[in-house]
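What follows is a single structure, written as structure tokens, with notes after it.
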Amino acid sequence: MVKLSGIIANAIIDEYGADELVKRLADPYWLQALSNTLGYDWHSSGATTVTMGALKSALNCNSDIYIAGGKGKEGTRTPEQIIAGVDYLSIGGKAEEFVRYSRLIAKIDSALVYDDISIYHHTFVMSKNGEWAIVQQAMQDSTSMAVRFQVLGSRVDEKDAANETNSGVNGVKELTMDLTYSRNSDIRASSVTALREDIQEVLRVFEKLYVLPARHKILPADLSSRAKRALEYANEMQPESYEQLLGVKGVGRRTLRSLAIISSLIYDKDIYKRDPTMYAYNLGGKDRIPYEINLRVYDDVVRSLGSIVEGTKINPLEKEKALRRLHQGFSRSYSDG
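If you count by the numbering used here, then the sequence shown holds residues 126 to 462, one letter each, in order.
Next up, the structure:
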């Protein structure tokens, strides 16, 4: 798997450049197609972790791409590995920025999209030109199902990284209070305003959350003294942006989602829900407008990847098996969807 993943990746780098490989790894269709080609089923949680691990083994210190992080403890080493990657690729001045985005995106996806997930895999991919992508995977506690998040650096909103952060989400299909949704931009802004202007009013409303309808999914356990202290501490820090709020120590998923509801009540703002898996982005465009996913688009990805595999100099039998896995995975995705 390591050898084949390296051959395919280097073929893309040689033909289209390192930035193109980074871009494709941020594409939910393309990464899934690559995983199928390497031998992983459409629904396998190992498709993400093992595929990214294979690419890391194949490419680091052997190409114009460097991958930091991984599963479990390896993911906690992402910052130091980013620094090593920046040094290897000679892209000075990027280490601090990359580490900041690595931590920020991990916080966004763990706290703002779903109600109950735990991230266990985080990889940061960078090119010699400074393009980057993040591929991370979480487990939803209530269903034990894997959720994959993918982000492309060049399409992250520099003024509001929490706005439509992901280029694709693959996993649990459900309506959720997705705070990265562009229609919730007022809620994000109101959360910052509420903390900065009237913390006592925030705390008063906070106490009343016990009696909110069940649809808000805010449980009494969320309303702990620890969460209250986190809000008070955030008020002391006086964050000037939502990104700064995300960086306040102790402010996690429960606090942020409670604060969103508090802000909606104080400022009479609606909170919008959506199914995050139903939308992706045109990674070649600049409009940042999500389009509803249509699995027929996957056909183009399969043809493109199939052409790359056809052109590689690998054993004919191995090539035939890889192409068969790619197309079989594609067929299963249609029958499942």
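Beta carbons are placed, not taken as given, at the ideal position from N, Cα and C, and that holds for glycine.
As the structure is a computational prediction, the values presented were derived from the model and not from experiment.
**Beta-carbon gap between Gly255 and Lys219 smaller than 8 Å** = yes
**Asked** Straight-line CA distance for Leu129 to Leu163?
**Response** 7 Å
**Message:** Assuming Ile230 is part of the beta strand (DSSP E), what are its boundary residues?
**Reply:** Segment 220 to 236 is the alpha helix (DSSP H) holding Ile230; no beta strand (DSSP E) there.
**Prompt:** Considering only C-alpha positions, which residue in the set Ser182, Gly171, Asn187, Asn161 is nearest to Ile138?
**Reply:** Asn187
**Asked** By Cβ distance below 8 Å, which residues in the same chain neighbour Leu328 in space, the five residues on each side in sequence not counted?
**Response** Excluding sequence neighbours, Leu328 sits near Lys353, Leu356, Glu357.
**Prompt:** Which runs of the beta strand (DSSP E), 3 residues or longer, sit entirely within the segment 252 to 328?
**Reply:** 257 to 265, 270 to 277, 293 to 295
**Message:** Taking the straight line between their C-alpha atoms, what separation do you get for Val376 and Ala359?
**Reply:** Straight-line measurement puts the Cα of Ala359 at about 8 Å from the Cα of Val376.
**Prompt:** For Thr176, which of helix, strand or coil comes out of DSSP?
**Reply:** Helix at Thr176.
**Asked** Would a C-beta distance cut-off of 8 Å place Ile132 and Leu159 closer than the cut-off?
**Response** No, these two residues do not count as a Cβ contact at 8 Å.
**Request:** Hey, could you find the ends of the alpha helix (DSSP H) Ala385 is sitting in?
**Result:** Following the DSSP letters along the chain, one finds Ala385 inside the alpha helix (DSSP H) bounded by residues 378 to 392.
**Prompt:** How long is the line joining the alpha carbons of Asp152 and Ser292, rounded to whole angstroms?
**Reply:** 7 Å
**Message:** Quick check: Thr174 and His246, are their CB atoms within less than 8 Å of each other?
**Reply:** yes
**Request:** Determine the direct distance from the alpha carbon of Ser389 to that of Val434, and round the result to whole angstroms.
**Result:** 51 Å
**Message:** Once DSSP output is grouped into helix, strand and coil, what is the label at Val373?
**Reply:** DSSP places Val373 in the coil class of the three-state scheme, outside both helix and strand.
**Prompt:** For Arg202, does the three-state DSSP call read helix, strand or coil?
**Reply:** coil
**Item:** Assumed close pair Val238, Asp303 - CB separation to whole angstroms, cut-off 8 Å
**Value:** Contact holds; Cβ gap of about 5 Å.
**Message:** So for Tyr191, helix, strand or coil by DSSP?
**Reply:** In the three-state reduction of the DSSP assignment, Tyr191 falls in the strand class.
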